[in-house]
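First up is the structure itself, then whatever we jot down about it.
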Ligand code: AMP
Ligand code: ZN
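Residue numbers (the working numbering): -12 to 487.
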């Protein structure tokens, strides 16, 4: 591929040619989940988006060191800075469990969900509680560099001094230090410990009831949420690495404060490119568990949700996510998922038809040959243009139309060389499986749709029995399917099924 990879850098607000610090290698850090509850689909969208980036960078031949953390301490209710309960501690208190039981339970669930969505694991998955020593060290470094101060056992980052010295606080999120200073924080009890309202805690003295606590030079306490990412990215990727990612809801305060801490400890920003995914919406509003506006992945897979008329499989959902650019919002609706399901099937059927084709020999590089090569080049150019998966998919669908016409005889192999057919086969395979991370999906192990066909027959028979009021037969079908863990959902367009 001749054209270069370009990425949209949220820090500069520009699309830039991507140049790694070390040739052929990339260090990438992505903020992982806070494991105090089940992962929701919005979280999944962000991790699927970075999975495609990770896959594509590797496909381009880069050796990528991908670090994605687990937040298991320090993330307070409402993303607050101090004076709020730690999300994990709170859950542990309510459930009367050890905080690490909460962490283990939801981390396991997160990993299971990532597998279901075919998201590759990162190479390093560090946990905040495993890096308390390093976090204490970084707090000390920032104090030593004059950009943090201790007050009553807690340590605060001095945003005003930082802004004066480096002049960058607020650049990533487009905020002005004066506005942040002016924002009223009167509702915070310990506001008087801070020198300026925009200062934030990097070490927090634990209240007596706080469950997670460690000894430090300042108090028995726990690290601030933002600190862990500065510490773990520096530890595993160095003081300067290539890509830092996360959802765009993390730009402020989380990433803004990470930048400040890195300046405070190392004298410069942590990375060269900030990449932010946009939010998954549900019926036009940000999907968020705390607002009750969320769908859990399991609800999608079974169709058991008032928002849905039927069940959708994990790969249909993954495909649906890839149909929009990672930096655009994506609205999840039943209609959009239905369209995604059709698109996914069409793509996979095209792939199957293509892989079973063989060239009869003797073709020339005619118009068709040129069009196919141009569409393949375009798909790669689309990915090089800030990982534009919806455009790349459009190029692949252009190719599906040609594949179907070749299969149907409307287009001829005589217009196509065998090399181009081979290139097309390889590109399709690579794109679908290695780059987009889709999987062949059907628990029909024969892969030829026999189970789908038989299931349709059974559902038709069930419908017929119900129409005839033959309840004996329809109940029998229902019971057997239930035993096989098959969930049937009746919708406007007829019954559909999924594996429970
Ligand atoms: P959390 O567990 O809340 O720290 O979030 C884990 C990741 O999911 C972060 O990168 C968030 O930015 C991201 N995230 C949270 N809600 C959404 C959403 N509705 N759409 C996309 N990403 C989200
Ligand atoms: Zn983070």
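Built from N, CA and C at the ideal position, the CB exists for glycine as well.
| Do you know offhand how far residue 183's Cα is from residue 43's? | Each residue's alpha carbon lies about 44 Å from the other.
**Prompt:** Is the stretch 273 to 280 in contact with the stretch 337 to 357, if contact means three or more CB pairs nearer than 8 Å?
**Reply:** At 8 Å Cβ cutoff, the stretches do not touch.
What whole-angstrom Cβ distance do residue 191 and residue 141 have, given they're in contact under 8 Å?
-> The beta carbons of residue 191 and residue 141 sit about 5 Å from each other, so the pair counts as a contact at 8 Å.
Legend entry - Distance CB(residue 284)-CB(residue 28) smaller than 8 Å: Remark: C-beta atoms of residue 284 and residue 28 approach each other more closely than 8 Å.
**Message:** If you measure from each CB to the nearest heavy atom of the ligand ZN and keep those under 5 Å, what residues do you get, in chain order?
**Reply:** Going by the Cβ distance cut-off, the answer is 18, 216.
- prompt: Is it right to say residue 62 is buried, meaning 16 or more other beta carbons lie within 10 angstroms of its own, or is it exposed?
  reply: Answer is buried; the Cβ neighbour count reaches 16.
Worksheet item: Should residue 411 go down as buried or exposed, given a rule of 16 or more other Cβ atoms within 10 Å for buried?
Response: Buried.
Quiz item: Cβ of residue 32 versus every heavy atom of the ligand AMP: is any distance shorter than 7 Å?
Solution: A distance criterion of 7 Å places the beta-carbon of residue 32 in contact range of the ligand AMP, judged by its closest non-hydrogen atom.
| task | Taking only runs that begin and end inside the stretch 380 to 422, name each unbroken alpha helix (DSSP H) of 4 or more residues, in chain order. | result | Counting only runs of 4 or more, we get 405 to 416.
**OP:** Starting from residue 249, follow the beta strand (DSSP E) in both directions and report where the run begins and ends.
**Re:** Run containing residue 249: none in the beta strand (DSSP E); it sits in the alpha helix (DSSP H), 243 to 253.
Drop a sphere of 10 angstroms on the beta-carbon of residue 20, count the other beta-carbons inside from all chains shown, and report buried for 16 or more, exposed for fewer.
With 16 or more other Cβ atoms within 10 Å, it is buried.
Next on the checklist: I'd like the ranges of any alpha helix (DSSP H) spanning at least 4 consecutive residues and lying wholly in the stretch 188 to 248.
Outcome noted: Here the runs fully enclosed are 212 to 224.
Assign residue 354 to buried or exposed, taking buried as 16 or more other Cβ atoms, counted over all protein chains shown, within 10 Å of its Cβ. Classification for residue 354: exposed.
*Return the CA-CA distance between residue -1 and residue 230, expressed in angstroms with no decimal places.*
In this structure, the CA atom of residue -1 is about 13 Å from the CA atom of residue 230.
Between residue 7 and residue 369, what straight-line distance do the alpha-carbon atoms span, to the nearest angstrom? Straight across, the Cα-Cα distance linking residue 7 with residue 369 is about 20 Å.
**Message:** Taking only three categories from DSSP, how would you classify residue 473?
**Reply:** Three-state result, residue 473: strand.
Practice problem: Tell me whether residue 212 is buried or exposed, calling it buried when 16 or more other Cβ atoms sit within 10 Å of its Cβ. | Solution: Residue 212 comes out buried.
With respect to 7 Å, is the separation between the Cβ of residue 320 and the closest non-hydrogen atom of the ligand AMP below this value? At a cut-off of 7 Å, the beta-carbon of residue 320 does not count as near the ligand AMP: no heavy atom of the ligand is closer than that.
#### Entry: Coil, strand or helix - residue 183 by DSSP
In the three-state reduction of the DSSP assignment, residue 183 falls in the coil class, being assigned neither a helical nor a strand state.
>> Once DSSP output is grouped into helix, strand and coil, what is the label at residue 26?
In response: DSSP places residue 26 in coil when its eight states are reduced to three.
Just to confirm, does residue 109 get its C-beta within under 7 Å of one of the non-hydrogen atoms of the ligand AMP?
Flag unset: Cβ of residue 109 not near the ligand AMP.
### Query
Counting Cβ pairs, one atom from each stretch, are 3 or more of them under 8 Å apart for the stretch 87 to 101 and the stretch 213 to 220?
As far as the Cβ criterion goes, the stretch 87 to 101 does not touch the stretch 213 to 220, which means the pair count is below three.
What does the Cβ neighbour count give for residue 512, buried or exposed, with the cut at 16 atoms within 10 Å?
Limits of the chain in this structure are -12 at one end and 487 at the other, which puts residue 512 out of reach.
Task: Strand pairing of residue 318, partner residues [DSSP] - done: In the DSSP output, where bridge partners are listed per residue, residue 318 has 268.
**OP:** Determine the direct distance from the alpha carbon of residue 366 to that of residue 400, and round the result to whole angstroms.
**Re:** Distance between the alpha carbons of residue 400 and residue 366 is about 22 Å.
Can you tell me which of the three DSSP states residue 260 falls into?
-> Per DSSP, reduced to three states, the secondary structure at residue 260 is strand.
| said: Give me, in chain order, the residues of the same chain whose beta-carbon lies closer than 6 Å to that of residue 263; leave out the 5 immediate sequence neighbours on both sides. | reply: Closer than 6 Å at Cβ, skipping near neighbours: -3, 235.
Closest residue to residue 398 among 389, 406, 404 (Cα-Cα distance): Checked all of 389, 406, 404; the closest Cα to residue 398 is 389.
Discussion item. Quick check on the burial criterion: 16 or more other C-beta atoms within 10 angstroms. Buried or exposed for residue 57?
Written reply: So residue 57 counts as buried.
- Task: Answer yes or no: do residue 139 and residue 180 have a C-beta to C-beta separation smaller than 8 Å?
- Result: Yes, the pair counts as a contact, with Cβ atoms nearer than the cut-off.
Q. How big is the Cα-Cα spacing for residue 175 and residue 199?
A. Bear in mind that a pLDDT of 49 at residue 175, under 50, signals an unreliable position, so the model cannot answer this.
Are at least three pairs of beta-carbons, each pair with one atom in the stretch 252 to 259 and one in the stretch 116 to 136, less than 8 Å apart?
Below 8 Å, enough C-beta pairs join the stretch 252 to 259 and the stretch 116 to 136 to call them touching: three or more.
### Message
Is residue 65 close to the ligand HEM? I mean its beta-carbon at under 7 Å from any heavy atom of the ligand.
### Response
Summarising the ligand content, the structure contains the ligand AMP and the ligand ZN and does not contain the ligand HEM.
Reduced DSSP secondary structure (H/G/I, E/B, other) of residue 306: Here DSSP, grouped into helix, strand and coil, assigns residue 306 to helix.
- Query: residue 248: buried (16+ other C-beta within 10 angstroms of its C-beta) or exposed?
  - Reply: By the neighbour-count definition (other C-beta atoms within 10 Å, threshold 16), residue 248 is a buried residue.
Using a threshold of 7 Å, is the CB atom of residue 447 nearer than that to any non-hydrogen atom of the ligand AMP? Answer for residue 447: no, Cβ out of range of the ligand AMP.
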